[in-house]
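Enquirer: Convert by adding 133 to the 1-based position in the sequence shown; the result is the number in this note's numbering.
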Amino acid sequence: MEAKDKEFLTDYEEAEALLEAHIGDTIEEELSPADLADHLKALKKHDEEKYVEFLEKLDPEDLADAALEMPDHMLEDIIETLPSEKIVEAIEELESDDQAELLQSIEEIDEDKAKELFYGLDEDDRHDILTINKYDDDEAGAYMQTEVFSARENQTLGEAVDMLRVMRQNGDIENVFQLFVLDDKGHMLSAFSTSDLILYDFSLTLKEISQKFNADAKVHFATDTDKIEDVIKDFEEFDLNVIPVLDANGVLIGRITADDVHDLIQERATEQIYNLAGVDDEAEEEDTAFSTGKARASWLGVNLCTAIISSIIIGLFDATIEQLVALAVLMPIVASMGGNTGTQALTVTVRRLALGEIEARDIRSVITREVTISLVNGSIFAVAMGVVAWVWFGMKLLGVVIAMSMVINLTLAGFFGAIIPIALRRFGIDPAVGSSVLLTTVTDIVGFFSFLGLATWILI
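1. Quick check on the DSSP output: the beta strand (DSSP E) that includes methionine 537 runs from which residue to which?
2. Give the C-beta separation of phenylalanine 354 and isoleucine 376 to the nearest angstrom, bearing in mind that I take them to be a contact with Cβ-Cβ under 8 Å.
3. Determine the burial state of valine 467: buried for a count of at least 16 other Cβ atoms within 10 Å of its Cβ, exposed for fewer.
4. Going by beta-carbon coordinates alone, are leucine 176 and glutamate 147 separated by less than 8 Å?
5. Under 8 Å by Cβ, that's how I've got histidine 172 and leucine 152 pegged, so tell me the actual separation to the nearest angstrom.
6. What three-state label does DSSP hand alanine 478 in the structure shown?
7. Whole angstroms are fine: how far does the CA of alanine 546 sit from the CA of valine 499?
8. With distances taken between CB atoms, is the gap from valine 221 to leucine 188 smaller than 8 Å?
9. Per DSSP, which one or two residues make a beta bridge with glycine 387?
10. Going by C-alpha distance, which of Leu201, Val458, Arg497 and Ile541 is nearest isoleucine 594?
11. Under the three-state reduction of DSSP, which class applies to lysine 360: helix, strand or coil?
12. Would DSSP call valine 504 helix, strand or coil?
13. In three-state terms, what does DSSP make of histidine 320?
14. For asparagine 510, which residues of its own chain have a beta-carbon under 8 Å away from its beta-carbon, when the five flanking residues on both sides are left out?
15. For asparagine 303 and valine 570, what's the separation of their Cα atoms in angstroms?
16. What first and last residue would you give for the beta strand (DSSP E) that runs through alanine 284?
17. For aspartate 563, which option in Pro216, Val314, Leu486 and Ala247 has the closest C-alpha, if you only look at C-alpha atoms?
18. Note the first and the last residue of the continuous alpha helix (DSSP H) segment covering valine 458.
19. When the Cα atoms are used, what is the spatial distance from phenylalanine 584 to valine 504?
20. Could you pull out every unbroken alpha helix (DSSP H) segment of at least 4 residues lying fully inside the stretch 250-281, listed in chain order?
21. Look at proline 166 and leucine 208 and say whether their C-beta atoms are less than 8 Å apart.
22. Mind checking which residues open and close the beta strand (DSSP E) that includes glutamine 344?
23. At the level of alpha carbons, what is the spacing between threonine 439 and alanine 556?
24. Could you check the C-alpha separation between arginine 497 and valine 575 for me, to the nearest Å?
25. Quick one: residues in its chain with C-beta nearer than 6 Å to the C-beta of glycine 291, no 5 flanking neighbours on either side, listed in chain order?
26. What is the DSSP secondary structure of glutamine 311, reduced to helix, strand or coil?
27. Any idea what DSSP makes of serine 336, helix, strand or coil?
28. Would you mind reading off the limits of the alpha helix (DSSP H) that contains methionine 235?
29. Just the C-alpha distance for alanine 324 and histidine 395, rounded to the nearest angstrom, thanks.
30. Is the distance from the Cβ of leucine 322 to the Cβ of aspartate 329 below 8 Å?
31. Nearest by alpha-carbon distance to isoleucine 242: which of Ile211, His260 and Asp270 is it?
32. DSSP on serine 326, reduced to helix/strand/coil?
33. Here's a check: name, in chain order, each residue in its chain whose Cβ is nearer than 8 Å to the Cβ of threonine 589, leaving out the five neighbours to either side.
34. Rounded to a whole number of angstroms, what is the C-alpha to C-alpha distance between leucine 250 and arginine 401?
35. Return the chain-ordered list of same chain residues with a C-beta closer than 7 Å to the C-beta of phenylalanine 549, the five sequence neighbours on each side being excluded.
Following this line, the structure appears as structure tokens:
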């Protein structure tokens, strides 16, 4: 479809035209799985019947790829409208890690349907899914795919390449980055980049090539129970495309690819951003405003309770405010500066925790650093605001009060901005969840109490 024609189409019409062209294989550029999911979503909002019609038209491979990108409410449409045989066929088109992920998503919607689909798969697929699902969410094994390009050390390179050719023709493996060399018991001995294979004599055995080029010295690997955060670090530090996954005995059982790590990083970053704002990332994908609003309302309720606590603190000093109205004008400045300072410390600390940069031995230095930064910034802006308050209201002591309050609030904001996520992590709670609510409560209470308390003591 020409760009000039798209200008006159609505989102729904464009989505329908692109899907029709993709299914009919008449589109110049193939649609990505994310594009397919987005166009189906646009179609669903306008015409439910047409949306279901296109779901039925998708071939199993496209259906599987799009399903991985769909929110739960669209995935629910698939399992309710399409025959189980087609869904099973679609799942079989995926690599093992994606099969496990998609079935898990289906299980969260309809456990019985997930079981039916699972037992509809062939035995090899079921075995692979069970292997992946036995690991915890923070272990490397939960994110591996069992499809690997491997060969025994006594095989020639030519034989290994022939095996790869057959695997690719049968669609058994995609994105091949390395050839893993194994002994007779499946232990990994060495690895070769697939781009280097053309450099070697195809008649030599893999053992001979390994000895000649010292291939075993180049291998980076993970064990199945390694923390996934450590695996991510290895990808970043060594700029890896793939990493083999071994069991406790050194037997090769799978691999993790860079695209999977990229997706994982993106998912976790999105989740943390949403959590910092008190928003449920899964609820944001819901189709209706009611579902999304309901999820957001829970945190808004918590915020309301903390706001009432802050109001109670202000109420303790109502007589002071009545005598000096300027305090009511300046109060929001103290609270706002404290909140912003705390959020800066909180965001940096949560990010470092997510990247695994903070160990137990680092906690003191992290807190000291954030408190120091907050104290320095607090002192600078306290002096500036003190002068502004003095000039604005013609009261030197009022400038002193707000300056002292800002130093106290900003310094404590830096402290709590660092300590709250660390404490939550210590108790096994996601540091991004609830941190902002707790921090806002602390900075508001400290800000109002210190400002109004000092004003009562010094001015009144």
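Here a beta-carbon is modelled for each residue, glycine too, at the ideal position from N, C-alpha and C.
Expert: Reading it off the structure:
1. For methionine 537, there is no enclosing beta strand (DSSP E); the residue is part of the alpha helix (DSSP H) that begins and ends at 529-559.
2. For a cut-off of 8 Å, the C-beta gap from phenylalanine 354 to isoleucine 376 is around 6 Å, short enough to register as a contact.
3. With a threshold of 16 other beta carbon atoms within 10 Å, valine 467 meets it and is buried.
4. The answer is no: Cβ separation not under 8 Å.
5. Yes, they are in contact, since the Cβ atoms of histidine 172 and leucine 152 sit about 5 Å apart, within 8 Å.
6. Assigned with DSSP and collapsed to three states, alanine 478 falls in helix.
7. If I take the Cα positions, the gap works out to 14 Å.
8. Taking 8 Å as the Cβ cut-off, valine 221 and leucine 188 do not qualify as a contacting pair.
9. Note: glycine 387 sits in a beta bridge opposite Val378.
10. Examination of residue 594 is not possible in this model, given that the chain is present from 134 through 593 alone.
11. Here lysine 360 sits in strand by DSSP.
12. DSSP, reduced to helix, strand and coil, places valine 504 within a helical segment of the structure shown.
13. Reduced to three states, the DSSP call for histidine 320 is strand.
14. Once the five neighbours on either side are set aside, the close Cβ partners of asparagine 510 are Thr474 and Leu543.
15. For asparagine 303 and valine 570, the distance between alpha carbons rounds to 53 Å.
16. First-last of the beta strand (DSSP E) with alanine 284: 283-285.
17. From the listed residues Pro216, Val314, Leu486 and Ala247, the smallest Cα separation to aspartate 563 is found for Leu486.
18. Here valine 458 belongs to no alpha helix (DSSP H), and DSSP marks it neither H nor E.
19. Using only the alpha carbons, I get a separation of about 20 Å.
20. The stretch 250-281 contains these whole alpha helix (DSSP H) runs: 256-266.
21. One thing to note: proline 166 has its Cβ no nearer than 8 Å to the Cβ of leucine 208.
22. In the DSSP assignment, glutamine 344 falls outside any beta strand (DSSP E) and within the unbroken alpha helix (DSSP H) covering 339-346.
23. In this structure, the CA atom of threonine 439 is about 19 Å from the CA atom of alanine 556.
24. Taking the straight line joining both Cα atoms gives about 20 Å.
25. The answer, listed in chain order, is Phe335.
26. In the structure shown, glutamine 311 sits in a strand (DSSP, three-state: E or B).
27. DSSP places serine 336 in coil when its eight states are reduced to three.
28. The sequence given here places leucine at residue 235; methionine does not occur at that position. Residues 229-242.
29. Spanning the two alpha carbons is a distance of roughly 23 Å.
30. Not closer than 8 Å, so no.
31. Closest in C-alpha terms to isoleucine 242, from the list Ile211, His260 and Asp270, comes Ile211.
32. Here serine 326 carries a strand assignment [DSSP, helix/strand/coil].
33. Excluding residues within five positions, the ones whose Cβ falls inside 8 Å are Phe450 and Thr453.
34. C-alpha separation (whole angstroms): 28 Å.
35. Cβ neighbours of phenylalanine 549 beyond the five flanking positions: Gly475, Leu572 and Val575.
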